[in-house]
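What follows is a short report on a single structure.
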Amino acid sequence: MQSTTTKNPQKATKEHPSGDKRFKALDITMKRNQHRQDALIEVLHKAQESFGYLEEDVLLYVARGLKLPLSRVYGVATFYHLFSLKPSGAHSCVVCLGTACYVKGSGQVLEALEQKTGIHQGETTPDGQMSLMSARCIGACGIAPAVVFDGTVAGKVTPEEALEKIKGWGVKQE
Ligand code: FES
Numbered sequence: 001m002q003s004t005t006t007k008n009p010q011k012a013t014k015e016h017p018s019g020d021k022r023f024k025a026l027d028i029t030m031k032r033n034q035h036r037q038d039a040l041i042e043v044l045h046k047a048q049e050s051f052g053y054l055e056e057d058v059l060l061y062v063a064r065g066l067k068l069p070l071s072r073v074y075g076v077a078t079f080y081h082l083f084s085l086k087p088s089g090a091h092s093c094v095v096c097l098g099t100a101c102y103v104k105g106s107g108q109v110l111e112a113l114e115q116k117t118g119i120h121q122g123e124t125t126p127d128g129q130m131s132l133m134s135a136r137c138i139g140a141c142g143i144a145p146a147v148v149f150d151g152t153v154a155g156k157v158t159p160e161e162a163l164e165k166i167k168g169w170g171v172k173q174e
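Residue numbering for the sequence shown follows the UniProt record's numbering, beginning at 1 and increasing consecutively.
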């Protein structure tokens, strides 16, 4: 399992400070729409596709990018059922099901996680320890299959490694 650290001080002004490439995908969508405020739903859709869910940091980024008040972005994100806000589990695991990752076996990783935890993607374990989600391309195709554990992207993840990781979080497995 590899972790990515993509920080580059030279590009710091252009990128999200975290260096997370998923923000770049958001930038591209906003740029394509010329940062028009009426592109909000499309941008949020892209954000959910990339992150699996919308957390405050992402909503803030979109609000800044489209020069909209956070309250407006938050309002839209909570109004439409197709958007889900940050999940309730103490830990989060997002499996990328984009083409590159799927071809390299991310489907098996998700299946193993679902089988062992007894929950499906989009759900949280009954003890509240982990929320399991999926995303479509998180911008890490080069290290497919990719999984985001608590916000950190890991690459070339096998089902066994994913199960080991969540075991470390204390998630019960069947
Ligand atoms: S398809 Fe998974 S990172 Fe691109």
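Every residue gets a Cβ at the ideal spot worked out from N, C-alpha and C, and that includes glycine.
- Task: Pull every residue with its beta-carbon under 5 Å away from any heavy atom of the ligand FES, and keep them in chain order.
- Result: C96, G98, A100, C101, C137, I138, A140, C141 and A146
- Task: Let me know the secondary structure DSSP gives H91 once reduced to three states.
- Result: The residue given as residue 91 occupies position 91 in the sequence shown. Three-state result, H91: strand.
- L82, buried or exposed, once every other Cβ within 10 Å from all chains shown has been counted against 16: On the sequence shown, position 82 is the one that residue 82 refers to. Exposed, because fewer than 16 other Cβ atoms sit within 10 Å of the Cβ of L82.
- Message: Need the endpoints of the beta strand (DSSP E) that S131 sits in, please.
- Response: Your numbering for residue 131 matches position 131 in the sequence shown. It spans M130 to A135 - the beta strand (DSSP E) in which S131 sits, taken as one unbroken run.
- Message: Do A77 and L59 count as a contact pair if the criterion is CB distance below 8 Å?
- Response: Taking the sequence shown and counting its residues from 1, one reaches residue 59 at position 59. Taking the sequence shown and counting its residues from 1, one reaches residue 77 at position 77. In contact: L59 and A77 (Cβ atoms closer than 8 Å).
- Span of the beta strand (DSSP E), counted from its first residue to its last, around T125: Here residue 125 refers to the residue found at position 125 when the sequence shown is read from its first residue. No beta strand (DSSP E) contains T125, which DSSP labels as neither H nor E.
- In angstroms with no decimal places, state the Cα-to-Cα distance between K7 and L68. Stepping through the sequence shown from its first residue, residue 7 is reached at position 7. Stepping through the sequence shown from its first residue, residue 68 is reached at position 68. In this prediction, K7 scores a pLDDT of 42, lower than 50, which makes its location untrustworthy; no coordinate-derived value is stated.
- Could you spell out the range, first to last residue, of the beta strand (DSSP E) harbouring G155? As a working note, residue 155 is residue 155 in the sequence shown. Where G155 is concerned, the enclosing beta strand (DSSP E) stretches over T152 to G155.
- Which of helix, strand or coil DSSP assigns to L66: One-based indexing of the sequence shown puts residue 66 at position 66. L66 falls in the coil class under three-state DSSP.
- Take T99 and list the residues in its own chain whose beta-carbon comes closer than 6 Å to its own, dropping the five residues that flank it on each side. Here residue 99 is taken as the residue at index 99 of the sequence shown, counted from 1. The answer is none, since no qualifying residue turns up.
- Query: With C-beta atoms as the reference, is P159 less than 8 Å away from C101?
  - Reply: Residue 159 sits at position 159 when you count from the first residue of the sequence shown. Residue 101 sits at position 101 when you count from the first residue of the sequence shown. No, they are not a contact pair.
- Query: My guess is that L163 and K116 are in contact by the Cβ rule of under 8 Å, so how many angstroms apart are they, rounded?
  - Reply: Working through the sequence shown from its first residue, we reach residue 163 at position 163. Working through the sequence shown from its first residue, we reach residue 116 at position 116. Confirmed, about 6 Å.
- Reduced DSSP secondary structure (H/G/I, E/B, other) of L82: Residue numbering aside, residue 82 sits at position 82 when the sequence shown is read from its first letter. Here L82 sits in coil by DSSP.
- Task: Assign T152 to one of two classes, buried (16 or more other C-beta atoms within 10 Å of its C-beta) or exposed (fewer than that).
- Result: Translated into positions along the sequence shown, residue 152 becomes position 152. Under this definition T152 is an exposed residue.
- Taking C-beta to C-beta, are I138 and G155 nearer than 8 Å? As a working mapping, residue 138 is identified with position 138 in the sequence shown. As a working mapping, residue 155 is identified with position 155 in the sequence shown. No, the pair does not count as a contact, with Cβ atoms beyond the cut-off.
- Where V147 falls, given that 16 or more other Cβ within 10 Å makes a residue buried: Residue mapping note: residue 147 aligns to position 147 of the sequence shown, counting from 1. With 16 or more other Cβ atoms within 10 Å, it is buried.
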